[in-house]
Every structure is written in C-alpha cells, then in structure tokens.
Amino acid sequence: MWFKLSPKDKALANLLKRSAGDFNFDETSAKFRLLASINRLDQKPAPSFHITRVMWYSTAFAALVITASTTFAFASNALPGDKLFALNKFGEKVILTLPLPVEQKAKVQEYIVTNRLEALDKVDTEDLETVKESDESLMTAVDAITQNKTRLESMGKTKQAETLEKVLDQLQTKVENKENTIKEIEKRAKDEPTREKIREHLKKIEDSKQKARLHIKRFQNQEGQSHGQKPEQD
Amino acid sequence: MQESEVQKLVAEAQQGDSQAFGSLYDLYAKQIYNFLFSKLRHQQTCEDLVHTVFLKSWTNLRSYTPRPNAKFSTWLYQIANYTLIDHWRMKRPTAELEEIENLAAFSTDPEHYEEYGYLWKAIQDLPLSYQTVLDLRFRQDLSVEETAAIMNKSAVGVRVLQHRALQALKNKLKNII
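Here the protein sequences come in this chain order: A and B. Going by numbering that gives the first Met the number 0, the first sequence opens with residue 0, and the numbers climb by one from there. Going by numbering that gives the first Met the number 0, the second sequence opens with residue 0, and the numbers climb by one from there.
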C-alpha cells in the first residue's frame, strides 16, 4: 500500500523520533503569568453555546412563524360568526395601519368590503352579524376613501384622486348588487326585531352608497339635480 | 498520568477551578512549547503563544467534550496548531522571525541538537503543514487519527500529507548532505 512507510521513510521517521527533545522553557514564570491573566479575566470559563441550543432556538422560532402564519392564513378566510373572524379582523386592521400609499389602502378596503358582501351569499337563514359587518366595513371604507380623495384633490393630486374615485365606483356597484340579497335575508328573519335591525343596517348601507356616489363624477349631476346639493366635502 | 485522571482535572477546571487548570498546564505546557518552538524558533514568541493557547483553552473549556478517541491533549494541540497558523500568517514576513535562533542554544541537551542540526535545518525550509505533520506523527508520536483531528484533516489526508512531507524532507537532505 502506498501509505505504508518504505524502509527509507522508516529510517527517516526514526531519525525524526531520535531528534526529538525538550527546549528550555521557564514553565514557572509562564504559569504565574497565565494564572494572573485568568484571575484578571475574573470569570469562570465562558458558557458554551452548543449547536444543539442554536438548533433548538431555530426550530422553536420556525415553529412559531409557521403556527402564526398558518393561523392567520386560516383566519383570512373566516366569515362573520366564525371563531377565527376576530383574528381576521385584527389582521385587516394591522394591514390598514401599515404605511401604504392611499391607493393601495383603498384597494385593501375594497377587498375587505367585497369579502363581507360575498359572505352575504353564504348566509343560509338570517344572519344579523354578516349584515352588520357588511354595513360597518362599507361605512369605514367609504369614510376613509372619501376623506383621502378630498385631501388629494385639495393637494392637486388628481390622478391619485381618480384612482380612489374608481374604487368608490366599484364599491357602490357591488353594494347595489347585494341590496336584494340583504332584503332576502330580512325576509327570512324569524322575528320582527331582527328584521328591524337588518332594515337599519340596510339603510346605513344605502347611505354609504349615496355618500360614495356623491364623490363619483358620473353620479354628481343626477345626484345634484335630485338632492339639490354639492358633493360632500370631508 | 492516565487519561481518566486528566479528564477529572478537566471536569474540575470546567467548574472554574483554576488550580486544576494549573495542573493541566503543568502536564502539557512543555509539549506545547516544544511543538511551537520547533517551528518558530523564537523563545519570547513561543512563550507568548503558549500563554495564548492556554488562555484560549481556559475561556473555551466548557465547549470541550471528551470523546473516546479524543484526548484532552489532542484538543490542546488543535488550539496550538490554529494559534500557530494564525501567528504564521500574521508575523512570518517580519524581520523578527527571520532572525531564527539557534536551536541547540535553547535546548535542554545542546549536544543532542548539534548532532541533528542538519535535520532541523532541512525541516526549517519545509512548508508549515509538512513541519506540523512530521512533528506530530514522529516527534510527538501521535496516531494518524489524533494528527487528523489536530490538523482538521481526514486520516487519508494526513497520510498523504505525511508521505509528501517525507519526500520533501528527503529531497532537502539530499541537497544538504
């Protein structure tokens, strides 16, 4: 085998062994210096940070991220009345507090309202909660978008204001399409108090729709003629 | 001293017992010094490096875990080898180390070193890794596995390095003798 020493190599290895010996070394003073340094460090040996501990922390962090993201992913599909709906609403609120451009925020709000309105189709019998959430999300969205639109117009940012106007237009169209659905839910309601509450929400939804229309140019003339008023300035 | 007794001292030192660590120093300081001096050949530098090696081993002592085939001395040599490589990279071109001291003058048996002067001269010109493998394998009489652990190489890698180092040493000796 190539790694076995040849006779010449063995002789050389023996020569090396024989040449070994000690060099003069003042061990005592070196030891004194070392112990003084150790005392100066004034600490016990540093605790080791084993790779297992790093792996444990990494695994725990990964598990936390996976659990949180999975829960939020499930919650994002939760409808009003579901157990995870509160988490879904919380997630939406967090997104809306992010420093996003106003157009982006308006689109997020439109997405939220659309989800709430679509939830109305999934209601089997009467569901006051779903109607209430539709009303509240629409009102919040219309208030925020109209406010931002007015602010942008006053700053001369007409292009951004137009984007918000389109979002308002889409919202009012979607609401208009769902008004009959809400009326159906109202009819299916078991008792009069529930029906009354659904009617109240429907009224508020219509008010929000009207408010949105006041900010949409194609409605402004006819609204102005019918109501005899100018577009609302927030 | 048996390795089990060494491990007992290590365990005490790991608990912060500097006296136990002092005993470990007494056991291995000379070996580490010889290992370093045979390559650097400068007393003050080697004393400083021995100090550095033991200080590093003290501060990292908790990370040392005894294994069946890894003695405490293997771990110490490993630290010494890394310290030597670091020093070699940083200081080798300086004038200080170019003025290499006469080995015989610093040996406990000057006549012995005079006798092998030609061998030391030949080794001195070899690359550091060749000097290290020859020192560990033949002067310190360590196994291939221990040498591999110290030099952070595989056993095959150490055998290859040892073969090359012996060939290089033979060539040097041909030119000298």
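All C-beta atoms, glycine included, are put in the ideal place defined by N, C-alpha and C.
Coarse secondary structure for residue i, derived from DSSP in three states
i: S56 (chain B); result: helix
i: F24 (chain A); result: coil
i: R66 (chain B); result: strand
i: S142 (chain B); result: coil
i: S3 (chain B); result: helix
i: S207 (chain A); result: helix
i: F153 (chain B); result: One point to set straight first is that residue 153 (chain B) is Ser, not Phe, in the sequence displayed. Looking at S153 (chain B) - three-state DSSP - the assignment turns out to be coil, as it is neither helix nor strand.
i: S72 (chain B); result: helix
i: S106 (chain B); result: strand
i: S57 (chain A); result: helix
i: I215 (chain A); result: coil
i: S68 (chain A); result: helix
i: L160 (chain B); result: helix
i: D124 (chain B); result: coil
i: D81 (chain A); result: coil
i: Q14 (chain B); result: coil
i: S36 (chain A); result: helix
i: L99 (chain A); result: coil
i: K3 (chain A); result: coil
i: K171 (chain B); result: helix
i: L8 (chain B); result: helix
i: P92 (chain B); result: Note that P92 (chain B) scores 48 on pLDDT, short of 50, meaning its location in the model is unreliable; the coordinates nonetheless yield the value given after this. Three-state result, P92 (chain B): coil.
Element boundaries [alpha helix (DSSP H), containing residue i]
i: R17 (chain A); result: P6 to S18
i: F36 (chain B); result: S17 to L39
i: I131 (chain B); result: The sequence as given places Thr at residue 131 (chain B); Ile does not occur at that position. Run containing T131 (chain B): L127 to L133, per the alpha helix (DSSP H) assignment.
i: H111 (chain B); result: P109 to E114
i: I94 (chain A); result: F84 to T96
Rounded distance between the beta-carbons of residue j and residue i, thought under 8 Å
i: D21 (chain A); j: K29 (chain B); result: 6 Å
i: S36 (chain A); j: L54 (chain B); result: 6 Å
i: L116 (chain A); j: K173 (chain A); result: 6 Å
i: N87 (chain A); j: S68 (chain A); result: With 8 Å as the limit, N87 (chain A) and S68 (chain A) do not qualify as a contact, their Cβ atoms being about 14 Å apart.
i: T73 (chain B); j: E145 (chain B); result: 5 Å
i: E113 (chain B); j: A103 (chain B); result: 5 Å
i: A167 (chain B); j: Y115 (chain B); result: Wrong, their Cβ atoms sit about 17 Å apart, outside the cutoff.
i: A12 (chain B); j: F20 (chain B); result: 4 Å
i: L60 (chain B); j: T82 (chain B); result: Not really, about 16 Å apart at Cβ, beyond 8 Å.
i: S207 (chain A); j: M138 (chain A); result: 5 Å
> For the stretch 116-193 of chain A, which segments carrying the alpha helix (DSSP H) assignment without a break, of at least 4 residues, lie completely within its bounds, in sequence order?
Replying inline: The stretch 116-193 of chain A contains these whole alpha helix (DSSP H) runs: 127-153 and 157-187.
> Between the stretch 103-112 of chain A and the stretch 159-174 of chain A, are three or more C-beta pairs nearer than 8 Å?
Replying inline: By the Cβ rule, the stretch 103-112 of chain A counts as touching the stretch 159-174 of chain A, because three or more pairs are nearer than 8 Å.
>> Pairs of beta-carbons, one from the stretch 154-166 of chain A and one from the stretch 95-103 of chain A, closer than 8 Å: are there three or more?
In response: Here the stretch 154-166 of chain A lies against the stretch 95-103 of chain A, with 3 or more beta-carbon pairs under 8 Å apart.
> Counting pairs of Cβ atoms below 8 Å between the stretch 11-21 of chain A and the stretch 153-173 of chain B, do you hit three or more?
Replying inline: Contact between the stretch 11-21 of chain A and the stretch 153-173 of chain B is present, because at least three Cβ pairs lie under 8 Å.
>> With a threshold of 8 Å, are at least 3 pairs of Cβ atoms found where one atom belongs to the stretch 194-201 of chain A and the other to the stretch 144-157 of chain A?
In response: They do not touch, by the three-pair rule.
>> Between the stretch 52-71 of chain A and the stretch 46-60 of chain B, can you find at least three pairs of beta-carbon atoms closer than 8 Å?
In response: With the cut-off at 8 Å, the stretch 46-60 of chain B and the stretch 52-71 of chain A do not touch.
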